[in-house]
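Trainee: In the working numbering, the protein residues as written are 191 to 419.
Structure incoming, see below.
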Amino acid sequence: DRAAVGLSVVAGGVCLLAAAPAVAIGVIAAVVNWGSLDLAGPSEAALTLPYVMRHLLPTPLAAIGLGALAAAVMSSVDSSILSASSMAAWNVYRPLINPKADSHELGRVVRWSVWGVGLLATLLALAVKSVYALWFLCSDFVYCILFPQLVTALFDPKANRTGSLAGLAVSFVLRFGGGDATLGLPVLLPYPMLDPQQGLLFPFRTLSMVSGLITIMLVSRLRKQPSTV
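Structure below.
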């Protein structure tokens, strides 16, 4: 479709244009003589934008810019917490715990889930010191735990609730059994190829993903149910 191709090309150009202000701010932070301002300069790359806005802009503009930055971050946090809570109520509580739950009950579950997800997110943010490590950790969980669920939900018509729960449990145990440096978890399962300096070299993440996928398919066929994932 020519329209789709054209929109994709235009989107690429827009992305380049959108990156120009960030590049300009980074260049400014790199060439500014921070010593003349009695400042040491940003200690981390992630602090460049707020640092430049705070010290190189007039106070009113700095306040507006930092407020807009905080609002953007908070809106993303709010939407993420609300979407996670809604998914917990609609995709976990309703099909697995109470399929006959009405809208009022699901609303209460969403409200309690907001508290739970918010608390877990706060604890995780306090425990993890790097945003990039947190991003990698989320991608890790998606690959190991959620990817088998997605594949079977889309391409395996025989997958059901029991198989999904069994696969989730297997993936969870095998993944966290390999430990995690970001969360400070040690290696719990006797995986091979454990190096004292480099850590665990065995591909336990792929093992977790494949084992969860196979478990979903096998258990679903052994425990046939009319409802599917």
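Virtual Cβ for every residue (Gly too), placed ideally from N, Cα, C.
Since the model is a prediction, treat every value here as computed from it, not as a measurement.
Please list, in chain order, all residues of the same chain as Ser303 whose beta carbon is under 7 angstroms from its beta carbon, the five residues on each side excluded.
Mentor: In the sequence shown, residue 303 corresponds to position 113, counting from 1. Answer for Ser303: Ser275, Ala278 and Ala279, listed in chain order.
Trainee: If you compare alpha carbons, which of Gly216, Thr249 and Val332 is closest to Leu237?
Mentor: Mapped onto the sequence shown, residue 237 falls at position 47. Nearest C-alpha to Leu237: Gly216.
Trainee: Please list the terminal residues of the continuous alpha helix (DSSP H) segment that includes Arg284.
Mentor: Residue mapping note: residue 284 aligns to position 94 of the sequence shown, counting from 1. Counting along the chain, Arg284 falls outside any alpha helix (DSSP H), and DSSP gives it neither H nor E.
Trainee: State the DSSP-derived secondary structure class of Ala201, mapped to helix, strand or coil.
Mentor: Along the sequence shown, one-based indexing puts residue 201 at 11. DSSP places Ala201 in helix when its eight states are reduced to three.
Trainee: Taking 7 angstroms as the cut-off, does the CB of Ser270 come closer than this to any heavy atom belonging to the ligand PLP?
Mentor: This structure lacks the ligand PLP, and indeed carries no ligand of any kind.
Trainee: Where are the alpha helix (DSSP H) runs, 4 residues long or more, that stay fully inside the region 240–297, in chain order?
Mentor: Runs of the alpha helix (DSSP H) inside the region 240–297: 249–277.
Trainee: Between which two residues does the alpha helix (DSSP H) carrying Phe392 extend?
Mentor: For the purposes of this step, residue 392 is identified with residue 202 of the sequence shown, where counting begins at 1. Run containing Phe392: none; DSSP gives neither H nor E here.
Trainee: What alpha helix (DSSP H) runs, 4 residues minimum, are completely inside the region 299–364?
Mentor: Counting only runs of 4 or more, we get 321–331 and 337–345.
Trainee: Answer yes or no: do Leu306 and Leu358 have a C-beta to C-beta separation smaller than 8 angstroms?
Mentor: As a working mapping, residue 306 is identified with position 116 in the sequence shown. As a working mapping, residue 358 is identified with position 168 in the sequence shown. A small correction: the amino acid at residue 306 is Gly; Leu does not occupy that position in the sequence shown. No, they are not a contact pair.
Trainee: Using C-beta distances below 6 angstroms, list every residue in its chain close to Arg365, excluding the 5 sequence neighbours before and after it, in chain order.
Mentor: The sequence position of residue 365 within the sequence shown is 175, counting from 1. Contacts found: Cys334 and Ser398.
Trainee: Pick from Gly369, Asp385 and Pro386: whose alpha carbon is nearest that of Leu378?
Mentor: Here residue 378 refers to the residue found at position 188 when the sequence shown is read from its first residue. Answer by Cα proximity: Gly369.
Trainee: According to DSSP, simplified to helix, strand and coil, what is Leu229?
Mentor: Numbered from its first residue, the sequence shown carries residue 229 at position 39. In this structure, Leu229 counts as coil in the three-state DSSP scheme.
Trainee: Among the residues of its own chain, which have a CB less than 8 angstroms from the CB of Ser417, if the five just before and after it don't count?
Mentor: The residue labelled residue 417 in the question sits at position 227 within the sequence shown. Only weak support exists for where Ser417 lies, its pLDDT of 48 falling under 50; the value from the coordinates is given anyway. Closer than 8 angstroms at Cβ, skipping near neighbours: Pro285, Asn350 and Arg351.
Trainee: Could you tell me the distance, in whole angstroms, from the CA atom of Met407 to the CA atom of Thr396?
Mentor: Locating residue 407 in the sequence shown gives position 217, counting from the first residue. Locating residue 396 in the sequence shown gives position 206, counting from the first residue. Spanning the two alpha carbons is a distance of roughly 17 angstroms.
Trainee: For Leu384, which of helix, strand or coil comes out of DSSP?
Mentor: For the purposes of this step, residue 384 is identified with residue 194 of the sequence shown, where counting begins at 1. Of the three classes helix, strand and coil, the one that applies to Leu384 here is strand, per DSSP.
Trainee: For Leu408, does the three-state DSSP call read helix, strand or coil?
Mentor: On the sequence shown, position 218 is the one that residue 408 refers to. Helix, per DSSP.
Trainee: Thinking C-beta only, is Leu256 closer than 8 angstroms to His245?
Mentor: Within the sequence shown, residue 245 is the residue found at index 55, counting from 1. Within the sequence shown, residue 256 is the residue found at index 66, counting from 1. Contact flag unset, no.
Trainee: Taking DSSP as the reference, what is the three-state secondary structure of Leu375?
Mentor: If you number the sequence shown from 1, residue 375 lands on position 185. In this structure, Leu375 counts as strand in the three-state DSSP scheme.
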